[in-house]
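To start, the structure under review is shown below, and the notes come after it.
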Amino acid sequence: CDSFKPERTHHCSICERCVVKMDHHCPWVNNCVGLGNHKFFLLFLFYVFFASAYAMALLASRWIHCTGHTPSRRRDRLRGRRNHFPAGSSPQEA
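Under my numbering, residues 15 to 108 are what the sequence shown spells out, in order.
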C-alpha cells in the first residue's frame with residue numbers, strides 16, 4: 015500500500031487491502047481476520063463446532079437405532095441371554 019498505515023497494520027496480498035491487527039486470511043469466510051471481526055470469526059468457529067457435534071450425535075443415534083445395537087442388547091447377546099419371555103409371563107415375573 016502506498017497510503018498511510020497505522021501501527022500493527024498488514025497488507026493482505028489476497029484481499030489487496032490493509033487490515034489492522036491482521037491475524038490471517040480465511041478462505042472459508044473469504045476475508046481477512048483482523049481487529050474488526052475477531053469476535054465474529056470466533057463465533058463462526060464455535061457455531062461450526064457445535065453444528066458438527068450435533069450432526070455427529072444425530073448420526074450416532076440414528077445408527078444405533080437402525081442397527082439395534084444398544085449396549086444392553088449387545089451385552090445380553092454376548093452373554094447368551096434372550097430378550098423374549100415365555101408365553102403368558104411378563105418381565106416382572108421372570
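Note that the Cβ used here is the ideal one computed from N, Cα and C, for glycine as well.
Buried or exposed by the 16-neighbour rule on C-beta atoms within 10 Å, applied to residue i
i                : result
cysteine 29      : exposed
valine 43        : exposed
phenylalanine 64 : exposed
Residue i and residue j closer than 7 Å at C-beta
i                : j         : result
cysteine 26      : valine 33 : yes
phenylalanine 55 : valine 62 : no
Spatial distance of residue i from residue j (CA atoms)
i            : j             : result
threonine 2  : aspartate 16  : Look at the range of the chain in this structure, 15 to 108, and you will see that residue 2 is not part of it.
threonine 81 : serine 75     : 10 Å
glycine 50   : isoleucine 78 : 44 Å
serine 66    : glutamate 21  : 38 Å
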